[in-house]
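Chains as they are written, first to last, in the numbering used here: chain A, 1 to 364; chain B, 1001 to 1199; chain C, 2001 to 2470.
Comments concern the structure below.
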Amino acid sequence: MAAWIETLLAFGANLWAMLPPIVQELIVTLLQILPLVIVVILCVAFLTYFERKIIGYMQGRIGPNRVGPKGLLQPFADVIKLLLKEIVIPANSNRYLFLIAPILVLVPALATWAVIPIFPGFAIANIDAGLLYVLALTSLGVYGVILAGWATNSKYALLGAMRSAAQIVAYEIAMGFALVGVLMAGGSLNLGKIIEAQSGGVMNWFWLPLFPLFLVYFISGVAETNRAPFDVAEGESEIVAGFHVEYSGAAFAMFFLGEYANIILISALTVVMFLGGWHSFFSGPWFAVLDQTPLAFLREPGFFWLALKMCFFLYLFLWFRATFPRYRYDQIMRLGWKVFLPITIVWIFVEGVMAWSGIGPWST
Amino acid sequence: MLALIYFYTLAFVLVVAAVGVVTARNPVHAALFLILSFVTSAILWLLLEAEFLAMVLVLVYVGAVMVLFLFVVMMLDVNVEGGRGRFTRYAPFGGLIAAIMFMELGFVVWWRNLGLPVMETPVPHDADYSNTKELGAVLYTEHVYAFELAAFILLLAIVAAIVLTMRRRPGLKTQVVSEQVKIRREDRVRIVKMEAEKD
Amino acid sequence: MAEIFLACGLCVVLVVDLFVSDRNRDLTFSLALIVLIGTAWISWTTGHAGQVLTFGGSFVSDPLAQLLKIFSIAAVFVSFLYSRDYLKQRNIFKGEYYVLGLFALLGIMVMISAYSMMTMYLGLEMMSLALYAMIAFDRESPVSGEAAMKYFILGAIASGTLLYGISFIYGVTGSLQIGEISAALTAGAMNETSLLIGLAFVLVGIAFKFGAVPFHMWLPDVYHGAPTSVTLFVGTAPKLAAIALAVRILVEALGSVGHLWEPMLLVLAVLSLAVGNIVAIAQTNIKRMLAYSTIGHVGFILLGFVAGSHAGVEAALFYTIVYILMAAGAFGMVILMSSNGHDADRLDDFRGLGRRSPWFAAMMLLLMVSMIGVPPLAGFYAKWWVLTALVNSGHVWPAVVAVLFSVIGAFYYLRVIRLMYFDDAEGEAGAPVAGGWLMRTVLSANALGVLALGILPGGLLEMCARALSG
């Protein structure tokens, strides 16, 4: 029995050695990507569940409770339902673009995960221009929405797409400027190094010296993902369902998946940029007493902390949706161009002064 | 080897996309082909270790410029077939210019060095080499004058665009946020004492 | 650096204009003038006797730059003065006009002291962008929109051509910096064919900016379509930038390969002389007529370069300065005539001016006669020195052609004079010209300046000589 396994292992090692290094590298990378994608998709599934539960409780309802214990299997039921439904393609639509659009929403949302540092010292692609990569890919997400709106050949969809395009372009600028502030504070474009620059406790995380940018970034992130209260692109009470009004079945599921993957991504990015990523909440000198106690492990950085902080922001997303009324279109534009943009620019100046006089993250 | 495969695949896609930009009948399709060619050339730049330029190309052109472009193209009701007649009329002249340009490009490519010393193939940099940093260093020292000038040109473009498009239309309704924020309860709510109705 | 002051100043004007109500626009106007005066003062005091390079060799400060800068500031100043009443009557008296004007001036000054192809191109773009916007400034008028569009498209093509040519020159010499290009070319052993290609493209770009035939198509339409005050602007200061461009590229960078560009330039010059002077005869609109006369004058300026000698370039410089003085006066006259609210840009509007307002008719007479090139006015000396330089360097035939076309050109200038003095005004157009005191003074000073420069041309010529000797 043991010999049998040993032979198999030896054979496997031989096979592995026979492969050209390029293929080896490809396999290793794929093995890194696959779990991450699966985890993200699972997160999306349960995020929808929690969304319905949390909003339900906020509104004095119970939420899904039929499929599985406490309704925990509800997301899987939903997925199966969506996958089995027929994809209806409107007669006068642009067939190829209609089908490509959902993919274009999903792909950037998943591809951005490549540079997110999951735990200390690890990201699938630890590239030096990580921040730029994030910006570039998040800016691609808008195409799926625009194309869906146009290819559908319906006035509601087109209206939704137009709103979404204007909104995303407006908020992307504020977002980019907020990240310029992070870049100045972190001194690097590499997300791992940005997190390392925030080491040394809660007070060293960038949310404090960059507080306005932190707020701007997160709110712009909400706007970028077309979530309430910025969901004019869907605006179900005005334009039915906006850009995805004609989508059904698996194509709709892709949009759904893309939107929630984006939400998780924005939460992760906010944590990485402003809340110290995988740094522990207890890592600062204030909690040095914990070193002597059995709780010392709490001071270790790790994936757990990233996940915990992300959960906080995910909760905020859901909370917003349950609480705020939808913004009017012109108010969205005003907020983006006339409020956020000046705030970020002014704060970058302030940051320059801070760096020059050695306050905040530049003190050492 | 792998780099070569990447290069030729991407180059092929790029050429196909570029041809698509010109030949697509639907302007939206042409714009999409243009986006594809931008993205492919960005990846080609990545192969050349120009990651800053590649990312900025995607960020600026694909992420912002082409979005607005698509926006406009979708709004315009362009007559798809209208341009045909004019195409044949101007084709000979356009062809002539294209031929001249092509000859010149060929000339540059075939004569390669033009009597100048040829640069050696650059050595690839280490993984931690940041060309963003290098670019910044050069831009803010050696080329600071040109850089600032470019910034001023952009400022000018903003001013000019606003001058040419902004007009105060009569009867336009706007929301004055400061007025709304200044409102106090006393301005809106009047508490009226009323006698409770009998019976 | 005067440019820094100008850049800061124009930002101040831009911001102040934001808080000024429409009735107090004069504040913006005077602020713009103050910025101009300050810039001129700084340019005047920070001059250098020799050549000083900064910013990695992309900026040069020398007597030529100083001279051209001061004259372009003066030209912008005068055009601002002329523009005030004109804009007010058309309800486009806005602060942005002056901001754009200052931007254009900044571009012009950058071009003038550019010592690298890159900064030169950036300056050119800045100037052109500001001019496009200024031409389209009167949005109610479809003609000016059309003119701006034409200028924009052709200008973009010209910029592209210039860049293409610059890239060839960079390929041949391995540098964008003027001094290094010149050094590389004198070192020899160049691939002449590709240099020639690059040169041809650069020349097309320069010819476009000057408005030389066959790249002149935009000029009459732009002059005609733009609001007259903008025409005045476009017709004056940018010409100084164009000559700076020509001197820097052709003489300073590519001076050692003069045998390559001189024939091309000769063709451009002769064609410009011919087309400009002959087509001008057929015009009934004075702005178009002046546009074609500009093309003719440009021919003369280019001939100065063709001469290839030091004296030739000097004469071209002198010619340009004199020309912008005359053009400012002539377009100022059109603005003055248009003071009653309608655009008096037909030639017929000048009928009987001699009886209606003898003083201004006399001023116009001076300007027209100077444009013909009659002594003792400034235009005469300008032409005379260009011709002398040509003959001295052995280009007798071009000189003869130039004289011939000047004689043909005299015809349409004389027609304006005939209309003013020997024809009667028609109908209600018989009123004397009415303009503000500011316009009247500036115009008179302008025209008398032409006369003064004609009587005493030595000073300016000496300045030009000094500017180029450095």
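No residue lacks a Cβ here, since even glycine has one placed at the ideal position from N, Cα and C.
Query                                                                                                                  : Result
Separation of Leu2102/C from Ile2471/C, as counted between CA atoms                                                    : Nothing can be reported for residue 2471/C: it is not among the residues displayed for chain C, which extend from 2001 to 2470.
Ala223/A beta carbon less than 7 Å from that of Thr344/A                                                               : no
Short CB-CB distance (under 7 Å) between Leu2129/C and chain B                                                         : yes
Chain B contact residues for Arg2197/C, given Cβ-Cβ distances below 8 Å                                                : First, the amino acid is wrong: residue 2197/C is Ile here, not Arg. In chain order: Glu1104, Phe1107.
Alpha helix (DSSP H) runs contained entirely in the segment 290-356 of chain A, provided each spans 4 or more residues : 303-323, 329-334
Neighbouring residues, chain C, relative to Ile1153/B (Cβ below 7 Å)                                                   : Leu2122, Glu2125, Met2126, Leu2129
Gln2177/C - partner residues in DSSP beta bridges                                                                      : Ser2116/C
Under 7 Å (Cβ pairs) to chain B, residues found in the segment 2035-2069 of chain C                                    : Phe2055, Gly2056, Ser2058, Phe2059
Residues near Leu365/A by beta carbon distance below 6 Å, same chain, minus five either side                           : Because chain A is modelled from 1 through 364, residue 365/A falls outside the range shown and cannot be assessed.
Cβ distance (whole Å) where Val2230/C is taken to contact Ile2295/C below 8 Å                                          : 19 Å between Cβ atoms; not a contact.
Nearest to Ala2040/C (by Cα), restricted to the options Ile2278/C, Leu2162/C, Glu2140/C, Val2076/C                     : Val2076/C
C-alpha distance - Gly71/A paired with Ile116/A, whole-angstrom precision                                              : 32 Å
Chain A contacts from the segment 1146-1178 of chain B (Cβ-Cβ distance under 9 Å)                                      : Thr1174, Gln1175, Val1177
Coil, strand or helix - Val1950/C by DSSP                                                                              : A question about residue 1950/C goes unanswered here, because the residues of chain C that appear run from 2001 up to 2470.
First and last residue of the uninterrupted beta strand (DSSP E) at Ser2061/C                                          : 2059-2061
CB contact flag (Asp2345/C, Ile2286/C, <7 Å)                                                                           : yes
Residue of Leu2124/C, Val2222/C, Gly2459/C minimising C-alpha distance to Tyr2151/C                                    : Val2222/C
Cα-Cα separation, Arg1184/B to Ser1178/B                                                                               : 12 Å
For Arg2346/C, three-class secondary structure by DSSP                                                                 : strand
Sequence-distant residues of the same chain with beta carbon closer than 6 Å to Phe177/A, five excluded per side       : Thr344
Contact set between Val1144/B and chain C, taken where Cβ atoms lie within less than 9 Å                               : Phe2055, Gly2056
Endpoints, the beta strand (DSSP E) within which Thr2054/C is located                                                  : 2052-2054
Residue closest to Thr1165/B, alpha-carbon to alpha-carbon, out of Met2134/C, Val2306/C, Ala2183/C, Gly2165/C          : Met2134/C
Whole-Å CB distance - Ala2402/C paired with Leu2387/C, under 8 Å assumed                                               : 6 Å
Own chain residues within Cβ distance below 7 Å of Ala250/A, not counting five before or after                         : Leu82, Leu83, Ile87
Beta-carbon spacing of Glu2262/C, Val2306/C below 7 Å                                                                  : yes
Min CB distance Glu2140/C to chain B below 7 Å                                                                         : no
Helix, strand or coil at Asn262/A [DSSP, three-state]                                                                  : helix
Between the CA atoms of Arg2248/C and Tyr1008/B - distance to the nearest angstrom                                     : 43 Å
Minimum Cβ-Cβ distance from Thr2028/C to chain B less than 7 Å                                                         : no
Residue range of the alpha helix (DSSP H) that includes Arg1025/B                                                      : Run containing Arg1025/B: none; DSSP gives neither H nor E here.
Under 7 Å between C-beta atoms of Phe1052/B and Leu1139/B                                                              : no
Start-to-end residues for the alpha helix (DSSP H) that takes in Ala136/A                                              : 130-152
Sheet register partners of Asn2285/C (DSSP bridge)                                                                     : Arg2346/C
Closest by C-alpha distance to Ala185/A, when choosing among Val169/A, Trp205/A, Glu259/A                              : Trp205/A
Check whether Ala2207/C and Leu2163/C have beta carbons under 7 Å apart                                                : no
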